[in-house]
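Notes to accompany the following structure.
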Amino acid sequence: MQKRLLPVLYPPKGGCGSNFLPPGWGDNKFHLIPHLLPAGLFIIMLSRRILRIKILQSLYAYYKAGEESLTNAEKQLFFSIRKTYDLYHYLLLLIVEIVRFLESHIELARNKQIPTFDDLHPNTRFVDNRLVKQISDNNHLKSYLKETKLSWVNYPGLIRGLSKKIDESEDYVAYMSQENADYEDDKKVISKIFSTMIIFSEELYQNLEEQSIFWNDDVEFAVSMIIKTVKKFTEDSGPDTPLMPMFRNDDDKQFVKRLFRRAIANGDDYIALIGKYTKNWEIERIAFMDILIMQLCIAEIVEFEDIPTKVSFNEYIEISKYYSTSKSSYFINGILDKIIHELKTEQIIVKKGRGLVGEENENKDPV
Numbered sequence: 089m090q091k092r093l094l095p096v097l098y099p100p101k102g103g104c105g106s107n108f109l110p111p112g113w114g115d116n117k118f119h120l121i122p123h124l125l126p127a128g129l130f131i132i133m134l135s136r137r138i139l140r141i142k143i144l145q146s147l148y149a150y151y152k153a154g155e156e157s158l159t160n161a162e163k164q165l166f167f168s169i170r171k172t173y174d175l176y177h178y179l180l181l182l183i184v185e186i187v188r189f190l191e192s193h194i195e196l197a198r199n200k201q202i203p204t205f206d207d208l209h210p211n212t213r214f215v216d217n218r219l220v221k222q223i224s225d226n227n228h229l230k231s232y233l234k235e236t237k238l239s240w241v242n243y244p245g246l247i248r249g250l251s252k253k254i255d256e257s258e259d260y261v262a263y264m265s266q267e268n269a270d271y272e273d274d275k276k277v278i279s280k281i282f283s284t285m286i287i288f289s290e291e292l293y294q295n296l297e298e299q300s301i302f303w304n305d306d307v308e309f310a311v312s313m314i315i316k317t318v319k320k321f322t323e324d325s326g327p328d329t330p331l332m333p334m335f336r337n338d339d340d341k342q343f344v345k346r347l348f349r350r351a352i353a354n355g356d357d358y359i360a361l362i363g364k365y366t367k368n369w370e371i372e373r374i375a376f377m378d379i380l381i382m383q384l385c386i387a388e389i390v391e392f393e394d395i396p397t398k399v400s401f402n403e404y405i406e407i408s409k410y411y412s413t414s415k416s417s418y419f420i421n422g423i424l425d426k427i428i429h430e431l432k433t434e435q436i437i438v439k440k441g442r443g444l445v446g447e448e449n450e451n452k453d454p455v
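Numbered per my numbering, the sequence shown finishes at 455, counting up by one with no gaps.
Here it is as structure tokens:
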């Protein structure tokens, strides 16, 4: 187990995460808190997981706003997704800027009035990293940065601080001291820098929080995309090598729109259904985020006949572990299990298509 900073939401006693507090439940500020997670967990986050979390955040914002129109709320949802995509490119640029800073540092040392032997014969392995050169030359990245005007030029202190930490890290020292380093070594050290240093940088989180309210809890998502991007690059990848798209395909975009709309349109029915199975609880006393997670899960299971029930169910249980109270996943698990059983019995949940997990027999017509 490796201790990591996961951008989750700090829950008050009996309440829900601080970014999702109902009115009057605190200052609505974001907090980073340490969690013990298996090393590398963030790497396996799928794009649909990110989209579900974005929908959940927007669902909360919609209800909190009260009078906001569905159209405006939907625009904000897609804007928040776009900001995550911005951050993906911004962090790709970050490693390029770090290498440029170290390269300039080498040149300054070479041009000293009385340079040392090491100044004149530096180890340039990192500044010559082939993957970083490919990223720097990538036409898709250049075009996106030009369009969005994303730049680290106003944050030299952050670049300098991260460069120093990288220079002092064990992974960097091991990479630089290898007798020979091939392209796979170049890729490995960049992945390590993102997964063990950049993602832990308190200065980076502070900097991003100042730049955008959307970015502080999106770093992990963006880094997971970068890790996948690094894996796809080969030594022969040219400047037109595609980066990750904002949506995997049009189905993902439609998934976002449809799930958000249906969760709101049928919200009263879903909340009534939740109330039916929480008779021993006052609905007002159930954590607001728990209700939203269950509402969204029911909407997905009912509305998307091609997504296996177990997939949707497990996704929202996992989300509840990080975006609600410590005991929420057990509570939500129990309530959703009963609701799903009822909806299947009444044939409100009907799944079709290939690859459905454990549902093939349940949906067949009785003989």
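All C-beta atoms, glycine included, are put in the ideal place defined by N, C-alpha and C.
Outcome for residue i when other beta-carbon atoms lying within 10 angstroms are tallied against a minimum of 16
i	result
F321	buried
K237	exposed
N268	exposed
V438	exposed
P208	In the sequence under discussion, the amino acid at residue 208 is Leu, which differs from the Pro named in the question. Result: exposed.
G441	exposed
E388	buried
I301	exposed
T317	buried
S412	buried
Sub-8 Å separation of residue i and residue j beta-carbons
i	j	result
W240	L181	yes
M382	I436	no
L139	D340	yes
I278	N226	no
I141	I407	yes
Identity of the residue in the options nearest residue i by Cα
i	options	result
H429	L361, Q201, Y410, L380	L361
K319	E272, F348, D305	E272
F457	Y293, L384, Y411	Given a span of 89 to 455 for the chain in the structure shown, any question on residue 457 remains unanswerable.
F282	K426, Y260, Q342	Y260
Y358	I247, V390, E162	V390
E258	T284, I202, F205	T284
I223	D274, E235, T212	D274
D305	Q294, I315, L246	Q294
G422	Y365, K409, T433	Y365
Between the CA atoms of residue j and residue i - distance to the nearest angstrom
i	j	result
E298	E291	11 Å
H193	K230	24 Å
S417	P244	42 Å
P210	Y263	15 Å
Y404	L190	43 Å
V344	S289	31 Å
F214	D356	57 Å
S157	F167	15 Å
P396	I143	19 Å
D378	Y151	14 Å
Discussion item. Pairs of beta-carbons, one from the segment 185-203 and one from the segment 241-258, closer than 8 Å: are there three or more?
Written reply: Yes: at least three Cβ pairs fall under 8 Å.
Query raised in the report: Pairing CB atoms from the segment 169-177 with CB atoms from the segment 309-325, are three or more of them under 8 Å?
Result: Touching, per the Cβ criterion.
At least 3 beta-carbon pairs within less than 8 Å: the segment 349-358 vs the segment 146-163: Output reads yes: the segment 146-163 touches the segment 349-358.
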